[in-house]
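Undergrad: Below is a structure I'd like to ask you about.
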């Protein structure tokens, strides 16, 4: 038995020493390093030309590697098979690469190792340009049966042509071995595509519950990966479109585009690049546009460009880089994202080394890219779950803080009620005593009347103080009750008081000039405004806040903010417009402005009470641009 490389000798007289078939060896796999071949760049050679002088054409190239493959040329390969006197097995030739356009096998009908020109050859046409149903073996690979009944040496000539890179590996194996490995391979394919389907269904259910677009993008991404893998494996041609070879020629390129498109969209949404990396977010949008234009041009004008993967590799590398940058900036859910794309790049690297012949071929390495895709999908699912877990943890912390504040408010209310009752009791007792004195001495009526007048003044003062304290209680309890506008106006009865509250909230932690970062200031030209003592920049209280530029009373804006943050369903848009005496569009626009800010805050897991809401200039400007 000769090994794959030793089956031919470099000596002239042993140049075409045949491959011996033996029942003890189920398969032998050969590459162009092991076989004599000839590259016909003119594509004009016929079998008769070859048979006239086969020694002239077929030579070995021990330095050949798949990197040297020249697309569009005819590759002629010669394989001499020695059939034993007896064999209990059936044998076949198998070609691994399912994407080869044309394979023409010239199968000898008789043996004549020394005079090949006298042999009749049957021409068997294979390749993915033909319909799948035309194949003798309904299998994703290309097979030719070796069914010679007479012992001897049979010379097979094979012409291979492909418009893109082809991995030329030819196996001589028994039918038993073919059936065994095919069943195992299709079983593994079932596991692979089954996992993709299960992960897709799981994330679809998550999308229906959470309604976040990132889950939808992720579903389309993994489905695109599944269809792309089916195209590369030949499974799609076998089961989905067996009678459409023209579509099969470009289907892999179409689904590769969708992989890149939805990978970019998912990364943009999952990493929240608009907030965490706005400069990278702009690049992602540009890449989506560039890749879409390139795809349309390729599809309509030059489909050979589907084989150029450098742009896709660069885009995937940029996604990996973006994930690392967002992670380094403190966004914890990005950690699983980075690991997932790291695993994917390892799979890309190993697959490339296998195709280029830099590392030995084996089954595990051959499917390394599929394995890395599966691991990547699992890790991305972990990333989505990790993000939800982190957001839930942050929200629980905020809820605990709010509950503590509510408990403090309740205790304050009880204390104020007790003080009020005590004051009322004391004042009632005093009035009773005074009435007693009036009954006892009518003569002192005038003096008592004067004393009562004094007491009433004191009561009025105390009542005024109690009302102010009750008003403070109302402010503390605004988050616990649905207040009408009239009730709300008792806390903020005029715009001046609202403006004072905005200034207090805005500069609670100190003033800092937005132009020169100076922290010293003087009173500005408008009420509650501040003027920088260094550059003279005058900043109003409402500038760079939610209330900047509004054209209606500030107290009404406060009430809209209160309803949106605490009781969204309390008043409809029409009711609120009627109560406030505003146009419906005015109310709707201000509510939208508030909701846009809250949406961005929820991406970080933050929940603010209405009294704490203040917005930075950059977020205001970005929302204004999006609204336009």
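Residue numbers (my numbering): 1 to 628. Note that the Cβ used here is the ideal one computed from N, Cα and C, for glycine as well.
Tell me where the alpha helix (DSSP H) around residue 178 begins and ends.
TA: Looking at the DSSP string, the run of the alpha helix (DSSP H) that includes residue 178 is 175 to 210.
Undergrad: In the DSSP assignment, what are the bridge partners of residue 123?
TA: The partner list for residue 123 (beta bridge, DSSP) reads 106.
Undergrad: Quick check on DSSP: helix, strand or coil for residue 392?
TA: Helix at residue 392.
Undergrad: Using DSSP's beta-bridge definition, name the partner residues of residue 78.
TA: Answer by DSSP bridge pairing, in chain order: 157.
Undergrad: Would you say residue 407 reaches chain C, if we count a Cβ-Cβ gap shorter than 8 Å as a contact?
TA: Among the chains in the structure shown there is no chain C, since it carries only a single protein chain.
Undergrad: Under 8 Å, with one C-beta from each stretch per pair, do the stretch 115 to 122 and the stretch 92 to 107 reach the 3-pair mark?
TA: These segments touch.
Undergrad: At which residue ranges does the stretch 229 to 265 contain complete alpha helix (DSSP H) runs of 4 or more residues, listed in the order of the chain?
TA: The stretch 229 to 265 contains these whole alpha helix (DSSP H) runs: 235 to 239.
Undergrad: What is the DSSP secondary structure of residue 30, reduced to helix, strand or coil?
TA: In the structure shown, residue 30 sits in a strand (DSSP, three-state: E or B).
Undergrad: Quick one: what does DSSP say residue 169 is sitting in, helix, strand or coil?
TA: In this structure, residue 169 counts as strand in the three-state DSSP scheme.
Undergrad: Is the stretch 202 to 215 close to the stretch 160 to 176, with three or more CB pairs under 8 Å?
TA: Judged by Cβ distances under 8 Å, the stretch 202 to 215 makes no contact with the stretch 160 to 176, as fewer than three pairs qualify.
Undergrad: Residues in its own chain within less than 6 Å of residue 625 by CB, not counting five upstream and five downstream?
TA: Low local confidence applies: a pLDDT of 43 at residue 625 is under 50, so the model's placement there is unreliable, and no value is given.
Undergrad: According to DSSP, simplified to helix, strand and coil, what is residue 564?
TA: DSSP places residue 564 in helix when its eight states are reduced to three.
Undergrad: Use the C-beta contact count for residue 52: other C-beta atoms within 10 angstroms, 16 or more gives buried, fewer gives exposed.
TA: Answer is exposed; the Cβ neighbour count stays below 16.
Undergrad: Taking its Cβ as the centre, do 16 or more other Cβ atoms sit within 10 Å of residue 187, making it buried, or is it exposed?
TA: By the 10 Å Cβ count, residue 187 comes out exposed.
Undergrad: Consider the C-beta atom of residue 220 and the heavy atoms of the ligand SAM; say whether any pair is separated by less than 7 Å.
TA: As for the ligand SAM, it is missing from this structure, which has no ligand bound.
Undergrad: Going by the CB atoms, is the gap between residue 143 and residue 149 shorter than 8 Å?
TA: Not closer than 8 Å, so no.
Undergrad: Please report the Cβ distance between residue 157 and residue 50, rounded to the nearest whole angstrom; I am assuming they are in contact, meaning their Cβ atoms lie under 8 Å.
TA: Indeed, because the Cβ distance is near 6 Å, the residues count as touching under 8 Å.
Undergrad: So is residue 78 buried or exposed if we call it buried at 16+ other beta carbons inside 10 Å?
TA: Buried, since its Cβ has 16 or more Cβ neighbours within 10 Å.
Undergrad: Output the boundary residues of the alpha helix (DSSP H) element that contains residue 297.
TA: Element bounds for residue 297: 278 to 300.
Undergrad: How long is the line joining the alpha carbons of residue 325 and residue 277, rounded to whole angstroms?
TA: Their backbone Cα atoms lie some 8 Å apart in a straight line.
Undergrad: Would the beta-carbon of residue 140 fall within 8 Å of that of residue 98?
TA: Cβ distance < 8 Å, so residue 140 and residue 98 count as in contact.
Undergrad: Check whether the Cβ atoms of residue 573 and residue 584 sit closer than 8 Å, and answer yes or no.
TA: In this structure, residue 584 lies closer than 8 Å to residue 573 by Cβ.
Undergrad: Check this for me: beta carbons of residue 511 and residue 559, under 8 Å apart or not?
TA: No. Outside cutoff.
Undergrad: Taking only three categories from DSSP, how would you classify residue 73?
TA: Three-state result, residue 73: coil.
Undergrad: Taking C-beta to C-beta, are residue 91 and residue 40 nearer than 8 Å?
TA: Cβ distance not < 8 Å, so residue 91 and residue 40 don't count as in contact.
Undergrad: Does residue 144 come out as helix, strand or coil in the three-state DSSP assignment?
TA: Strand at residue 144.
Undergrad: Just the Cα atoms here: how many angstroms apart are residue 327 and residue 338?
TA: Their backbone Cα atoms lie some 8 Å apart in a straight line.
Undergrad: In angstroms with no decimal places, state the Cα-to-Cα distance between residue 330 and residue 506.
TA: Roughly 26 Å separates the two Cα atoms.
Undergrad: What did DSSP end up calling residue 86 once you bin it into helix, strand or coil?
TA: Of the three classes helix, strand and coil, the one that applies to residue 86 here is coil, per DSSP.
Undergrad: Pick out whichever of 42, 503, 185 has its Cα sitting closest to the Cα of residue 544.
TA: The option with the nearest alpha carbon to residue 544 is 503.
Undergrad: Are at least three pairs of beta-carbons, each pair with one atom in the stretch 511 to 520 and one in the stretch 547 to 556, less than 8 Å apart?
TA: No: the two stretches stay apart, fewer than three of their Cβ pairs being nearer than 8 Å.
Undergrad: Taking the C-alpha atoms as reference points, what is the distance between residue 486 and residue 566?
TA: The alpha-carbon atoms of residue 486 and residue 566 are separated by roughly 17 Å.
Undergrad: Can residue 217 and residue 265 be called in contact, C-beta distance under 8 Å?
TA: Cβ distance < 8 Å, so residue 217 and residue 265 count as in contact.
Undergrad: Would residue 312 pass as a contact of residue 271 if the rule is Cβ separation under 8 Å?
TA: Not closer than 8 Å, so no.
Undergrad: Using the three-state DSSP reduction, which class does residue 18 fall into: helix, strand or coil?
TA: In the structure shown, residue 18 sits in coil (DSSP, three-state: anything other than H, G, I, E or B).
Undergrad: Going by alpha carbons, who is nearest to residue 199 out of 181, 185, 225, 180?
TA: If we check each option's Cα against that of residue 199, 225 comes out closest.
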